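Read the structure below first, then the notes.
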Amino acid sequence: MRTGVFFETFQAEERLWNSPASRWWMAAFAVSLFTLPWWGSNYVLAIACIIGIHVIATFGLNLTTGNTGLISLSHGAFLGVGCYTVAYLGKLGVPFYITLPIAGCIAAGLGVIVGLPSLRVKGIYLAIATLAAHFILSFVFREWTPVTGGIQGTSIPKAELFGYQLTGDRDHFYLIFGVAFVMGIMARNLGRTYIGRAFIAVRDRDISAEILGVNLLKTKLLAFAIGAFYAGVAGGVLGYFYGAITPEYFTLTLSIFYLAAVIVGGLGSVLGSIFGAVFMAFVPEALRLVANIGAQWYPGLAGVVLPMGQVVFGLLIIVFLVFEPHGITAIWRRTKRLFHLWPFKT
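Heads up: the sequence shown begins at 185 in the working numbering, then just goes up one per residue.
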């Protein structure tokens with residue numbers, strides 16, 4: 185994606201957020217989302233909470249990979265760092281509104297360490313370096329038993345706010361989407377700052393950016409730190425939502441999931457992070473629905489379809505890279521323009 189394409193995407197998003205019609209639609213969507221716990225089923229509410237967590241994490245990876253061009257395969261491990269941090273601090277009696285920022289900061293500190301090779305290597309070599317970091321953190325999750333509980337996992341104390349304990353999906357829904365809203369505003373506003381524009385400059389022409397005065401090491405490490413911070417916070421709310429966690433959740437597949445969400449949604453786009461996270465979260469549910477419907481006629485279909493989740497993720501990445509490299513955001517932008525021009529122009 186070249187600089188002109190990015191600024192076209194950025195300007196399109198600005199028009200989307202700032203137009204009066206879009207504001208009305210977003211207000212209606214916000215009201216529907218806010219009232220979802222009162223009319224949605226338990227299944228819908230649980231899926232919505234999981235999507236909210238994925239959206240937070242995808243925001244972070246899109247800042248690192250989409251905006252700065254730094255491939256990271258350790259994003260799922262950073263979620264584990266945040267999750268185990270809130271578990272450990274929660275058992276010490278620290279409230280959740282303190283543990284979440286701490287979880288993000290610890291993940292950000294590790295993100296800086298993981299990002300150190302980015303000054304010397306790039307592309308596939310950087311991806312391998314972050315992959316090594318993922319395996320190291322996975323080993324820590326399994327073996328640091330006093331903190332993580334080892335293979336057996338650990339429990340996370342319930343979050344409390346002014347003496348009220350968050351227990352059900354309804355309570356966690358407002359926690360998750362409250363955090364997602366704040367993190368989304370931060371990600372959107374970051375693109376308007378010098379830091380956000382430095383990210384884009386490093387991604388498109390790092391040598392030219394350095395000549396113009398951009399500190400490459402500082403910018404790349406900051407991109408890794410911010411992306412890991414988002415992942416740490418997402419891992420924290422994930423821990424509060426599930427109540428217990430094991431190392432098996434933070435596998436390489438989770439990192440691939442977020443990378444696929446960024447590619448499918450649209451690189452360098454806040455709206456693309458939302459589209460990608462929602463779309464990829466519905467893929468396993470769609471497979472499960474197909475398996476349940478098809479099992480009525482072919483009893484063995486579920487055993488064939490359900491294990492194909494990773495295959496579908498890989499195919500989606502290939503399809504979008506080949507046929508729509510700018511993701512669902514570009515499709516949405518073209519569709520919106522088409523309806524805006526109809527029927528005066530085809």
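Note that CB positions come from ideal geometry on N, CA and C, so glycine has one too.
Remember, it's a predicted structure, so these values are computed and weren't measured experimentally.
Straight-line gap, residue i to residue j (C-alpha atoms, nearest Å)
i, j, result
"residue 502", "residue 378", "33 Å"
"residue 278", "residue 397", "42 Å"
"residue 305", "residue 366", "33 Å"
"residue 361", "residue 246", "18 Å"
"residue 319", "residue 226", "35 Å"
"residue 447", "residue 505", "7 Å"
"residue 500", "residue 243", "19 Å"
"residue 456", "residue 349", "34 Å"
"residue 520", "residue 211", "18 Å"
"residue 513", "residue 331", "41 Å"
"residue 440", "residue 434", "11 Å"
"residue 474", "residue 253", "36 Å"
"residue 214", "residue 220", "10 Å"
"residue 422", "residue 337", "14 Å"
"residue 494", "residue 461", "15 Å"
"residue 497", "residue 264", "21 Å"
"residue 517", "residue 458", "14 Å"
"residue 223", "residue 216", "10 Å"
"residue 376", "residue 477", "47 Å"
"residue 307", "residue 255", "7 Å"
"residue 284", "residue 335", "24 Å"
"residue 463", "residue 445", "8 Å"
"residue 530", "residue 288", "Below a pLDDT of 50, predicted positions are generally treated as unreliable, and residue 530, at 47, falls in that range; no measurement from the model is reported."
Pick from the options that is closest to residue i, judged by C-alpha positions
i, options, result
"residue 261", "273, 326, 286, 302", "326"
"residue 251", "422, 382, 474, 514", "382"
"residue 469", "235, 280, 314, 284", "235"
"residue 339", "508, 302, 406, 273", "273"
"residue 292", "415, 237, 496", "415"
"residue 286", "467, 271, 498", "271"
"residue 443", "517, 428, 411", "411"
"residue 345", "459, 464, 281, 267", "281"
"residue 384", "355, 230, 249", "249"
"residue 452", "406, 218, 510, 323", "510"
"residue 275", "474, 437, 428, 459", "428"
"residue 355", "311, 324, 424", "424"
"residue 333", "232, 432, 231, 476", "432"
"residue 341", "376, 321, 269, 221", "269"
"residue 391", "303, 218, 368, 266", "303"
"residue 403", "386, 364, 313", "386"
"residue 515", "266, 449, 376, 307", "449"
"residue 257", "314, 222, 368", "314"
"residue 436", "322, 232, 267", "322"
"residue 465", "481, 224, 216, 232", "232"
"residue 238", "363, 283, 290", "363"
"residue 369", "454, 317, 218", "454"
"residue 301", "353, 374, 218, 408", "408"
As assigned by DSSP and simplified to three states, the class of residue i
i, result
"residue 528", "Because the pLDDT of residue 528 is 49, which lies under 50, any placement of that residue in the model is unreliable, and the number read from its coordinates should be weighed accordingly. Looking at residue 528 - three-state DSSP - the assignment turns out to be coil, as it is neither helix nor strand."
"residue 327", "helix"
"residue 343", "coil"
"residue 349", "strand"
"residue 519", "helix"
"residue 338", "strand"
"residue 508", "coil"
"residue 404", "helix"
"residue 456", "helix"
"residue 443", "helix"
"residue 398", "coil"
"residue 480", "coil"
"residue 451", "coil"
"residue 376", "coil"
"residue 474", "helix"
"residue 435", "coil"
"residue 532", "The chain is shown only over 185 to 530; residue 532 falls outside these bounds and no answer can be derived."
"residue 420", "helix"
"residue 411", "helix"
"residue 498", "helix"
"residue 362", "helix"
"residue 368", "helix"
Opposing strand residues paired with residue i [DSSP bridges]
i, result
"residue 429", "338"
heavy atom of the ligand SAM below 7 Å from residue i C-beta
i, result
"residue 387", "The ligand SAM is absent from the structure shown, which contains no ligand whatsoever."
Could you name each continuous alpha helix (DSSP H) segment of 4 residues or more that falls completely within the region 206-283, going from the start of the chain to the end?
Taking only runs of at least 4 residues, the alpha helix (DSSP H) segments lying wholly in the region 206-283 are 220-223, 226-245, 259-275.
Alpha helix (DSSP H) runs contained entirely in the region 282-327, provided each spans 4 or more residues
If you keep only unbroken alpha helix (DSSP H) runs of at least 4 residues inside the region 282-327, you get 308-327.
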